[in-house]
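Student: First to last, the sequence lines map onto chains A and B.
So for the first sequence, numbering that gives the first Met the number 0 puts the first residue at 0; every next one is plus one.
So for the second sequence, numbering that gives the first Met the number 0 puts the first residue at 0; every next one is plus one.
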Amino acid sequence: MIKLTTERKPRPRIIRTKLPMPTQNPEDRIDNFSEVPYGYNEAEAMLEAQRCLQCKNQPCVSGCPVEVPIRDFIALIREGKFMEAASIIKAKNSLPAVTGRVCPQELQCEAKCVMGRRYQPVAIGNLERFAADYAREEGEKIPELPKSTGKKIAVVGAGPAGLTCAGDLALLGHKVTIFEALHKPGGVLVYGIPEFRLPKDMVKYEIDYLIQLGVEVKLNFLVGKNKTVDELLDEYDAVFVGSGAGAPRLLNIPGINLVNVYSANEYLTRVNLLKGYLFPEYKTPVKRGKNVVVIGAGNVAMDSARTAKRLGADHSIIVYRRSRKECPARVEEVHHAEEEEIEFRFLTNPVRIIGDELGAVRAVECLQFELGEPDETGRAKPIPIPGSEHLIECDVVVISVGNDPNPIIPRTTPDLEISKWGTIVTDRITGKTSKERVYAGGDIATGAATVIAAMGAGKVAAKSIHKQIMGIEETEIESI
Amino acid sequence: MYALIDRKDVTPESVWFKIKAPEIAKTCKAGQFVILRSNEKGERIPLTIADWDHKEGWISVIFQKVGASTYELAEYQKGESLQDCVGPLGIPTHTENAGNTIVIGGGLGIAIATPVARAYKQAGNHTEVIIGARKAELVFNEEEIKDFTDELYICTDDGSAGRKGFVTEQLQEMIDSGKQIDTVFCVGPPIMMKFVAKVTEPYNIKTIASLNTIMLDGTGMCGACRLTVGGETKFACVDGPDFDAHQIEWEETMARLAAYKDEEREAMTLYKKEKECQAEKMKGDKTDN
Ligand SMILES: Cc1cc2nc3c(=O)[nH]c(=O)nc-3n(C[C@H](O)[C@H](O)[C@H](O)COP(=O)(O)OP(=O)(O)OC[C@H]3O[C@@H](n4cnc5c(N)ncnc54)[C@H](O)[C@@H]3O)c2cc1C
Ligand SMILES: Cc1cc2nc3c(=O)[nH]c(=O)nc-3n(C[C@H](O)[C@H](O)[C@H](O)COP(=O)(O)OP(=O)(O)OC[C@H]3O[C@@H](n4cnc5c(N)ncnc54)[C@H](O)[C@@H]3O)c2cc1C
Ligand code: SF4
Ligand code: SF4
Ligand code: FES
């Protein structure tokens, strides 16, 4: 039967592109360490939220490792119910102000957004960040805590995995103590990711929130040295290990130990954790190179290159073996780096670092590559071009080719099963390790990954710790 | 916060601190160190644990004033607190079955040599100690060392105490005298350790150097402390601080220690200026009264 009514409901006009995030000008921001994007205001957030189609089967949610109710929180933002939006995000994700800023959305939630099939996906990360920032500024109420269970849990490491695990357990009425080796809690969020990408006040706010939930944070405490995991087990009902992937990989090339050759961890720790950019007011120095070469092209490399620029480098150069397409960094970081005139030398690989008469770096010798046939990962394999050796003059080199799991806990905890990569072997569904009452998650279990994956692992472990110590029967799930 | 239970000036250039730190005192061993930070703006300063008491819950350190951070640290008084103190870090010195041992401490290395020498002795080794300093008033700990070791030799550059000359001369003499020496442990300026290694190498005497590299976290996270030992890169904070002195690339190690010369000078200039301003202000305040 043919419908005769000609009256059609006007379809809302589809806005094809994301509402851009207002940001600091590149020319201004390379002289400061303040955050680059300003974030949406209320009107902008509501406008971007309008782009969401409110899909019934919400594919976006399946792209998020912790299943944030994306469609529903966006619906609340549309209605101007920002506090409610933040609160339903927080039920799944305890650090939305952080993940909204640092998740690789283009590979996760936004990769699955229906809008992205034809146009740009909804700016889920920006909206999440907006809701979290709004709630923080308005002042959040501390949720009512259940009666204490009398159970005690030790958490090793105050990175995203440990913080999440601790928060969830505190909300279930357990007494949680976090042991952190450094003098500030936050893990990579405080020592690695720079202020201009993740303001440290935000991390502090999240930690203060945990403290208000009754979580105790013991700083300057190195598990494995002050107390071993076994000793913690004598005092606590369970132990969660979230000690991260904090051991820098270095290149096996001549000159790697020359003066002013940094691991990215050292370079970023000097600047972020110890505020070396405020030297000499703050006492920790960092070399302010004029020509800085950063080797690698992940988030850590982008952070290092952009930091070098802010420390006054005329040339901050990223040297990467593959092409732009393969850069493992978040798309936004590469884009911001390009805006800040970071120079990219793709298909280039260092073979040797050359020093001057005082033992300080003077240049990096590199080899040029071309793309060959795809390798087993499907990526085109870079092949060196014979005779293409050339020098890049520089006074600082930052090596940013990845991190290995922190070895202290594996070395000091007998009968904890360790993989050949040095990670702690866990059951991904429960977070259990081979050792009774010991759980692990985050980078120490997976190798260097993402903030949200670490948080997800902290959540999983909190759930199964709760079940175990409260004697709640588990439907036996086999590991996969 | 870590309370200063006591402090005293040991020499015009070095200071002794007794710090309340029960969790460190409980497990530390000779050769291990702490990293402390005086305040929010301070550097993380690695210092060897000189002494400790498990029961009373304290550790002590002795440090030399060499730059802005250590000068500032030296100003802390009894009853005040340091912001941070983490440890024990590093692998304890291996003292079992060392045999006849000579422990050598030069300059600030005297502080580090003291607990190590005691540990060698307690482990049942015949232990002799050589300490070296520029002049008599910079020598310290000699009574303590005498009490628990078999012999103490003192060397000063100007001869104002003990023998005139370097610790290496004393060591060479002991080797030449035909004494059975199984292990030499040295700590102090890298140039001294390099020469100690040169002296012992022809005789194949096992020689351990304790390295005071530049450090940040002390947990193996940053690699600031790295050095080449036997062709391999090692991290002094977790693989050391003790290494085979004959295998260390000394030139590289010395260059890395001097990495921040310009910045250190800048920090020291600022420190002095701040002190002068304070002094001026105090004078001003007094005349006002
Ligand atoms: C510079 C940089 C940029 C990054 N950018 C991004 C990004 O944009 N997006 C993203 O998703 N991910 C990013 N990552 C990765 C992400 O930060 C990590 O995957 C995540 O922090 C892992 O969390 P975690 O809790 O497992 O470990 P960590 O954050 O590493 O925290 C571990 C903590 O445990 C402490 N610890 C270790 N051993 C002990 C011990 N024995 N006793 C006590 N404490 C101990 C450490 O000091 C540390 O504080 C970045 C990483 C770096 C280094
Ligand atoms: C494991 C370890 C244990 C240590 N134990 C002791 C100790 O028990 N007592 C003690 O007095 N010192 C010790 N040190 C050395 C001490 O940490 C440094 O002297 C101090 O950090 C210098 O800080 P500064 O800012 O005052 O001087 P800076 O301004 O940084 O340096 C001033 C001068 O001292 C030299 N210097 C800098 N860092 C070091 C260093 N790490 N070692 C030697 N010289 C350095 C510089 O080359 C420069 O000439 C130890 C170092 C390590 C790594
Ligand atoms: S937590 Fe990350 S992946 Fe999940 S919705 Fe938020 S931004 Fe997307
Ligand atoms: S997939 Fe995209 S459009 Fe659909 S509900 Fe999720 S965010 Fe909205
Ligand atoms: S001090 Fe950072 S790795 Fe040794």
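Even for Gly, the Cβ is constructed at its ideal location relative to N, Cα and C.
Quick caveat, the model's predicted, so the values are computed rather than measured.
#1: Report the three-state DSSP secondary structure of isoleucine 192/A (helix, strand or coil).
#2: Compute the minimum distance between the beta carbon of arginine 225/B and the heavy atoms of ligand 5, and state whether it is under 8 Å.
#3: Could you tell me if leucine 484/A is buried or exposed, where buried requires 16 or more neighbouring beta carbons within 10 angstroms of its beta carbon?
#4: What's the gap between the Cα of alanine 439/A and the Cα of alanine 160/A?
#5: Could you pull the DSSP bridge partners for glutamate 342/A from this structure?
#6: Which residues in chain B sit within 9 Å of asparagine 225/A, going by Cβ to Cβ distance?
#7: Give a yes or no on whether 9 Å exceeds the smallest Cβ distance from histidine 53/B to chain A.
#8: Determine the closest residue to glutamine 82/B out of Ala258/B, Ile34/B, Glu142/B, Pro21/B, with distance taken between C-alpha atoms.
#9: If you draw a straight line from the alpha carbon of tyrosine 75/B to that of glycine 86/B, how long is it in whole angstroms?
#10: What residues in the stretch 35–66 of chain B bring their beta carbon closer than 8 Å to a beta carbon of chain A?
#11: Leaving out the 5 sequence neighbours to the left and right, which residues in its chain are closer than 6 Å to alanine 160/B when beta-carbon positions are compared?
#12: For a test of your reading of the model: does the CB of alanine 131/A fall under 8 Å from any non-hydrogen atom of ligand 1? Yes or no.
#13: Could you tell me which residues DSSP pairs with valine 14/B in its beta bridges?
#14: What do you reckon, is the C-beta of cysteine 221/B under 8 Å from a heavy atom of ligand 5?
#15: Can you name the start and end residues of the beta strand (DSSP E) that aspartate 27/A belongs to?
#16: Three or more C-beta pairs under 8 Å: does that hold for the stretch 359–366 of chain A against the stretch 247–261 of chain A?
#17: Please state whether the Cβ-Cβ distance between phenylalanine 32/A and glutamate 194/A is less than 9 Å.
#18: Mind checking whether the beta-carbon of glutamine 31/B lies closer than 8 Å to any heavy atom of ligand 4?
#19: Counting only Cβ pairs nearer than 8 Å, list the residues of chain B close to asparagine 264/A.
#20: Just the Cα atoms here: how many angstroms apart are phenylalanine 345/A and aspartate 30/A?
#21: At the level of alpha carbons, what is the spacing between glutamate 477/A and arginine 70/A?
#22: Quick one: what's got a C-beta closer than 8 Å to arginine 378/A's C-beta in the same chain, skipping five residues either side?
#23: How big is the Cα-Cα spacing for valine 493/A and tyrosine 319/A?
#24: Is threonine 511/A near ligand 5, in the sense that its beta carbon is under 8 Å from a heavy atom of that ligand?
#25: Compute the distance between the beta-carbons of lysine 425/A and alanine 456/A, then report whether it is under 9 Å.
#26: Please state the DSSP three-state secondary structure of isoleucine 103/B.
#27: For alanine 258/B, which option in Pro284/A, Ser315/A, Thr422/A, Ala169/A has the closest C-alpha, if you only look at C-alpha atoms?
#28: So glutamate 42/B and lysine 199/A are in contact, right, with Cβ under 8 Å, and what is the actual spacing, rounded?
#29: Is leucine 88/B near ligand 1, going by C-beta to nearest heavy atom under 8 Å?
#30: Give a yes or no on whether the minimum CB-CB distance between threonine 232/B and chain A is below 9 Å.
#31: Does DSSP put tryptophan 420/A in a helix, in a strand, or in coil?
#32: When you compare the CB of threonine 92/B with every CB in chain A, is at least one pair closer than 9 Å?
#33: For the stretch 222–252 of chain A, which residues have a beta carbon sitting closer than 7 Å to at least one beta carbon of chain B?
#34: Is any heavy atom of ligand 4 found at a distance shorter than 8 Å from the C-beta of cysteine 276/B?
#35: Nearest to glutamate 251/B by CA position, among Met20/A, Asp355/A, Gly99/A, is which residue?
#36: How would you call glutamate 245/A, buried or exposed, if buried means at least 16 neighbouring beta carbons within 10 angstroms?
Tutor: Taking the structure as given:
#1: If DSSP states are grouped into helix, strand and coil, isoleucine 192/A belongs with coil.
#2: yes
#3: Outside the shown range of chain A (0 to 479) lies residue 484/A, about which nothing can therefore be said.
#4: 9 Å
#5: Ile316/A
#6: Residues of chain B passing the Cβ test: Glu22, Ile23, Lys25, Thr26, Val85, Gly86, Pro87.
#7: no
#8: Ile34/B
#9: Cα-Cα distance, rounded: 20 Å.
#10: Under the 8 Å Cβ criterion, the stretch 35–66 of chain B contributes Arg36, Lys40, Gly41, Glu42, Arg43.
#11: Counting only Cβ-Cβ distances below 6 Å, and skipping sequence neighbours, we find Ala135, Val138, Ile153.
#12: Distance from the C-beta of alanine 131/A to the nearest heavy atom of ligand 1 is not below 8 Å.
#13: Asp8/B, Phe62/B.
#14: It does: the Cβ of cysteine 221/B is within 8 Å (strictly closer) of some heavy atom of ligand 5.
#15: Per DSSP, aspartate 27/A belongs to no beta strand (DSSP E); it is in the alpha helix (DSSP H), 25–28.
#16: yes
#17: yes
#18: no
#19: Met220, Cys221, Gly222
#20: 26 Å
#21: Reliability of the predicted coordinates at glutamate 477/A is poor, the pLDDT of 40 falling under 50, and the value obtained from them is presented with this limitation in mind. For glutamate 477/A and arginine 70/A, the distance between alpha carbons rounds to 32 Å.
#22: Excluding sequence neighbours, arginine 378/A sits near Arg321, Glu325.
#23: Any question about residue 493/A goes unanswered here, given that chain A covers just 0 to 479.
#24: The requested residue 511/A does not occur in the structure, where chain A is confined to residues 0 to 479.
#25: Per the sequence shown, residue 425/A should be read as threonine rather than lysine. For threonine 425/A and alanine 456/A, yes; Cβs fall inside 9 Å.
#26: strand
#27: Pro284/A
#28: About 19 Å; that fails the 8 Å criterion.
#29: no
#30: yes
#31: Residue state, collapsed to three classes: coil.
#32: For threonine 92/B, not one C-beta of chain A is nearer than 9 Å to its own C-beta.
#33: Sequence-ordered contacts of the stretch 222–252 of chain A with chain B read Lys224, Asn225, Gly245, Ala246, Pro247, Leu249 [C-beta pairs closer than 7 Å].
#34: no
#35: Minimum Cα distance to glutamate 251/B is reached at Asp355/A.
#36: The residue asked about is misnamed: residue 245/A is glycine in this sequence, not glutamate. With 16 or more other Cβ atoms within 10 Å, it is buried.
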